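Have a look at the structure below, then the notes.
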Amino acid sequence: MLYIGLILSGCQAWLTSKADAPAASASQSPSPEATLEPTPAEWVEQDVQGILLGIEKPRGWEVQRMDDGILLAERFGSIASGGSAMPGIQVHIFIHSAAGFQIPDDQNAAWSILEQIVRDQKYMGRAHVEEPYGFVWEQHDAAYYLSNNGDGNMTMLIALMLPGMQQMVVCNISSPVSESTRIRAMLPKILGSLTVNRIRLGTAALEALPDPLIFPLYPPRPPETPIG
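Pasting the structure below:
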């Protein structure tokens with residue numbers, strides 16, 4: 007499974023957004039305040055296929071440079087936790103090809119790709135996933151979806167298009183079900199430092215995303231049967 011659910015297990019000219027994608031709804035109370043050290047301990051960079059990714063490693067977190075990007079883990083042991091529910095939040099930032107996807111000229115490119123992915127079982131497997139939500143991240147086409155594959159973890163996957171490169175920056179954020187409400191509050195605090203080719207993406211778009219995030223149930227709730 008790609009961890010695009012694209013891994014679901016391991017620019018500076020940019021495109022402006024072309025069309026807004028469907029917005030997510032929220033019916034729960036806002037996410038709790040995130041408890042994250044405001045001062046980072048380390049700046050981490052990794053060159054992936056000529057694209058330089060950079061991010062601040064929060065104090066006390068683990069970091070691992072990988073061939074496809076950077077892996078951050080909140081708690082000791084979560085990087086090596088295997089397929090079971092991991093302790094704390096884990097963030098995998100990587101580069102993935104956008105080749106082979108149909109991208110209409112009048113749509114948000116990242117949203118269009120995620121729309122195709124969530125409907126393809128070879129990517130999603132048995133995971134239950136919410137409809138992708140498109141947004142603009144510092145004038146760049148971006149989108150995310152929320153998924154639950156029944157292994158005790160919840161996942162938010164954010165994709166950002168690198169125009170003219172047939173490449174996407176993907177941020178896969180996972181946590182145990184019991185800590186999934188923390189993901190929304192953590193987003194600006196972690197991904198707000200993310201840079202691509204040393205250009206910072208910023209926090210404004212992340213702070214404007216729906217709050218709370220409504221992750222899908224597993225198994226999904228069956229549709230109600232009309233009475234009469």
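Throughout, the working numbering is defined as the position within the sequence shown, counted from one, plus 6. Note that beta-carbon positions come from the ideal geometry of N, C-alpha and C, so glycine has one too. A quick note: this is a predicted structure, and the numbers were derived from the prediction, not measured.
Do glutamine 108 and glutamine 122 have their CB atoms nearer than 8 Å? yes
Looking at histidine 134 and proline 222, is the spacing between their C-beta atoms short of 8 Å? yes
Spatial neighbours of proline 194 in its chain, beta-carbon cut-off 7 Å, leaving aside the 5 residues before and after: Thr209, Leu212 and Glu213
If you reduce the DSSP assignment to three classes, tell me which class arginine 71 lands in. strand
In chain order, what residues of the same chain lie with their CB nearer than 7 Å to the CB of aspartate 167, ignoring the 5 residues before and after it? It should be noted that the sequence gives methionine, not aspartate, for residue 167. Closer than 7 Å at Cβ, skipping near neighbours: Leu21, Ala104, Ala115, Ala116, His146, Asp147 and Met174.
Distance between lysine 63 and proline 93 (C-alpha atoms, nearest Å): 17 Å
Per DSSP, which one or two residues make a beta bridge with threonine 201? Gly60 and Arg206
Nearest-angstrom beta carbon gap, arginine 71 and glutamine 52 [assumed within contact, 8 Å]: 5 Å
Within this structure, are the beta carbons of leucine 59 and isoleucine 76 separated by less than 8 Å? yes
8 Å CB neighbourhood of glutamate 136 in its chain, flanking five on each side removed: Ala30, Tyr151, Leu152, Ser153, Ile220, Phe221 and Pro222
Reduced DSSP secondary structure (H/G/I, E/B, other) of serine 118: helix
Coarse secondary structure for glutamate 144, derived from DSSP in three states: coil
For valine 50, tell me which candidate among Gly131, Asp157 and Leu197 has the shortest Cα-Cα distance. Leu197
Could you pull out every residue in the same chain whose Cβ sits closer than 6 Å to the Cβ of glutamate 48, ignoring the five residues on either side in sequence? Lys63
Taking C-beta to C-beta, are asparagine 155 and arginine 132 nearer than 8 Å? yes
Neighbour-count burial assignment, tyrosine 129, 16 or more Cβ in a 10 Å radius: buried
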